[in-house]
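Numbering (the working numbering), first residue to last: 166 to 469. We treat Cβ as the ideally placed atom computed from N, Cα and C, and that holds for glycine.
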Amino acid sequence: MDYKDVINQIYNEVKPMWGQGKVADYIPALAMTDPRQFGIAVQTLDGEMFTVGDAETKFSIQSISKVFTFAMVLRHLGDKIWTSVGREPSGNPFNSLVQLEHEQGIPRNPFINAGALVVTDRLIDLYPRPKEAILDFVRRLTGNDDIYFDHTIARSEREHADRNMALAYFMKSFGNIHNDVETIIDVYCSQCAISMSCVDLARAFRFLANEGVNPLDNEAILTPSQAKRLGAVMLTCGFYDESGDFAFRVGMPGKSGVGGGVVAYIPRNLVIATWSPELNPHGNSLMGIETLERFTTDIQNSIF
Ligand code: GLU
């Protein structure tokens, strides 16, 4: 199928929504992003790429990195990871502390900050040079070596990481964090500050749409069962406390980040990545979600 016309039309229809959302400002360096940017990239598993707008511009992937670190840990620990982090939607904002008290320091899922911090902690256990390992993993998935951390954003987030540090210390008190909290926060802020474009992200998520296998070199990153489970957690937990509404409107598993990126996919078919920095009140890209809703409507295809 030729997706070029579909995404061109959506791009033109959605563009007038500029100004309706708000760029994330709780990380000062993110607040400097020019809000008027919008890109879409569709990567099919047949190897075709379709793009429109700012699809090649790199941006801060933020929470989308949680999918990469979780895949890196899942492939090593397998089902053991589920004793430290759950797989239920939280219904709370991404950085909430409240549930942890009741649930003895076991975060609801790997995509809220508490869960992602546990995953980063395990990543530090598994990889002697965790930051290099993350970059290496993402570069292998995309086939693009030109992917780096944005050190300005990482530093800015580290300087405003009180809440994430509180989450990590709190979980440490329950024995669910092993490493030094400063080290975890350093790796976590770097992973969030990876700069990638829509084209990079659409390529990087191919292994998830392809039953765990990276089509670039046929390496099995995850087993088909692990890929299925990771997709299920994305479908139910990938969009903060708007995950149910995203599944309802869009019907694809995916993940968003407060940098304004959204990646979603239809298994065995395609990956779509969108980027627009203005967020809705739940912290998801306003135009990104609108784009994805129109996309599955227009192509009459989704996971349902
Ligand atoms: N770096 C962000 C934080 O932990 C990630 C937020 C996000 O994209 O959801 O606050």
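- From the listed residues Val415, Ala194, Val179, Met166, the smallest Cα separation to Cys357 is found for Ala194.
- Ala333 and Ile271 have their C-alpha atoms roughly 11 Å apart.
- Taken through DSSP and simplified to helix, strand or coil, Glu347 comes out as helix.
- Look at Glu266 here: in three-state DSSP terms it is helix.
- Minimum Cα-Cα distance from Phe302 among the listed residues Met399, Glu324, Thr234 corresponds to Thr234.
- In this structure, the straight-line span from the alpha carbon of Asp410 to that of Val263 is close to 22 Å.
- Residue nearest to Arg433 within the set Leu210, Tyr292, Asp463, Asn173 is Leu210 (criterion: CA-CA distance).
- The Cβ neighbour count for Met166, taken over all protein chains shown within 10 Å, is under 16; the residue is labelled exposed.
- Sorting Gly425, Ala438, Gly424 by C-alpha distance to the C-alpha of Pro418 places Ala438 at the top.
- Taking a contact as a CB-CB distance under 8 Å, the pair Phe335 and Val428 does not count as one, their CB atoms being some 30 Å apart.
- The nearest non-hydrogen atom of the ligand GLU is 6 Å or more from the C-beta of Gln356.
- Its chain contains Gly204, Ile205, Ala206, Ser362, Cys363, Val364 as the residues whose beta carbon lies nearer than 7 Å to that of Ala220, once the 5 sequence neighbours on both sides are disregarded; these appear in chain order.
- When DSSP states are grouped into helix, strand and coil, Ala412 belongs to the helix group.
- If you draw a straight line from the Cα of Ser321 to the Cα of His267, it is about 31 Å long.
- Sequence-distant partners of Arg323 (beyond 5 residues in either direction) whose C-beta falls short of 6 Å from its own C-beta, in its chain, are Cys354.
- C-alpha of Gly186 to C-alpha of Met452: approximately 8 Å in a straight line.
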